[in-house]
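K.L.:
Here it is: the structure, laid out below.
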Amino acid sequence: MAEKRKDVTVSKGALEKPAPAPQVLGPLDDMERWFDDFFSRRWLRPWRWESRFPQALSLTMPKVDVVDRANEVLVRAEVPGVEKQDVEVSVSGNMLTIRGETKQETKEEKSDYYRAEITRGAFSRTLALPAEVDETKTKAVMKDGVLELTLPKVEKAKRRSIKID
1088 MAEKRKDVTV
1098 SKGALEKPAP
1108 APQVLGPLDD
1118 MERWFDDFFS
1128 RRWLRPWRWE
1138 SRFPQALSLT
1148 MPKVDVVDRA
1158 NEVLVRAEVP
1168 GVEKQDVEVS
1178 VSGNMLTIRG
1188 ETKQETKEEK
1198 SDYYRAEITR
1208 GAFSRTLALP
1218 AEVDETKTKA
1228 VMKDGVLELT
1238 LPKVEKAKRR
1248 SIKID
């Protein structure tokens, strides 16, 4: 009752897996399992605000794109639902700060039902620019909830190509 495969003799009973032996757990084994369950690897992962409170994060920190061009730095920031008079931009050296406030008011009235909701929130974001910029020549445009800043670089910070002899 043995088969021969590639010069190996295998009996038919050897191919079947034996039944696992019953496992008896003691109190220490239970404690190890509980400890492993409580301190699993998920404790090492950072707690993500954006997955739990996406609206809160969008109010506190607008998403920003920074583009480093040859003569200028272009910054685009998402500030949906914010009026341009409610946004403040400040530049100091190579640090840019965008602050603002959102205000929303909703009123609904139906026969004897009345509802009013007022939502307010503030946001602020400070980021380091890739080069030093000239604050006096900065241009800012806000359109469709996107703030676009064009920050010209100072003469010493402009990118130059150097010819190798």
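In terms of this note's numbering, the sequence shown has 1121 at position 34, counting the first letter as 1, and numbering is strictly consecutive. Note that beta-carbon positions come from the ideal geometry of N, C-alpha and C, so glycine has one too.
Given a cut-off of 9 angstroms, decide if K1190 and I1205 are closer than it, judged by their beta-carbon atoms.
P.N.:
Result yes, Cβ atoms of I1205 and K1190 sit closer than 9 angstroms.
K.L.:
What does the alpha-carbon distance come out to for the pair A1215 and V1174?
P.N.:
Whole-angstrom Cα-Cα distance: 19 angstroms.
K.L.:
Considering only residues of the same chain and omitting the five flanking positions on each side of V1162, which have a CB-CB separation below 6 angstroms?
P.N.:
Answer for V1162: V1153, L1236, listed in chain order.
K.L.:
With DSSP as the reference, identify every bridge partner of I1251, one or two as the case may be.
P.N.:
Beta-bridge pairing links I1251 to no other residue.
K.L.:
Please report the Cβ distance between V1151 and V1220, rounded to the nearest whole angstrom; I am assuming they are in contact, meaning their Cβ atoms lie under 8 angstroms.
P.N.:
Going by Cβ atoms, the distance from V1151 to V1220 rounds to 15 angstroms, so no, they are not a contact pair.
K.L.:
Please report the straight-line C-alpha distance between A1209 and K1194, rounded to a whole angstrom.
P.N.:
C-alpha separation (whole angstroms): 22 angstroms.
K.L.:
Going by DSSP in three states, T1237 sits in which element: helix, strand or coil?
P.N.:
Here T1237 sits in strand by DSSP.
K.L.:
My output table needs one value for E1219: the three-state DSSP class, helix, strand or coil.
P.N.:
Reduced to three states, the DSSP call for E1219 is coil.
K.L.:
Check the C-beta distance from A1203 over to V1160 and give it rounded, since I have them as a contact under 8 angstroms.
P.N.:
Contact doesn't hold; Cβ gap of about 43 angstroms is too wide.
K.L.:
Roughly how many whole angstroms lie between the Cα atoms of D1116 and G1168?
P.N.:
Taking the straight line joining both Cα atoms gives about 56 angstroms.
K.L.:
Would you decide whether G1187 is buried or exposed? Buried here means 16 or more other CB atoms lie within 10 Å of its CB.
P.N.:
The residue in question, G1187, is buried, as its Cβ has 16 or more Cβ neighbours within 10 Å.
K.L.:
Let me know the secondary structure DSSP gives K1194 once reduced to three states.
P.N.:
Of the three classes helix, strand and coil, the one that applies to K1194 here is strand, per DSSP.
K.L.:
Tell me whether the beta-carbon of P1030 lies closer than 9 angstroms to the beta-carbon of K1250.
P.N.:
The shown model of the chain, from 1088 to 1252, leaves out residue 1030, and the question about it has no answer.
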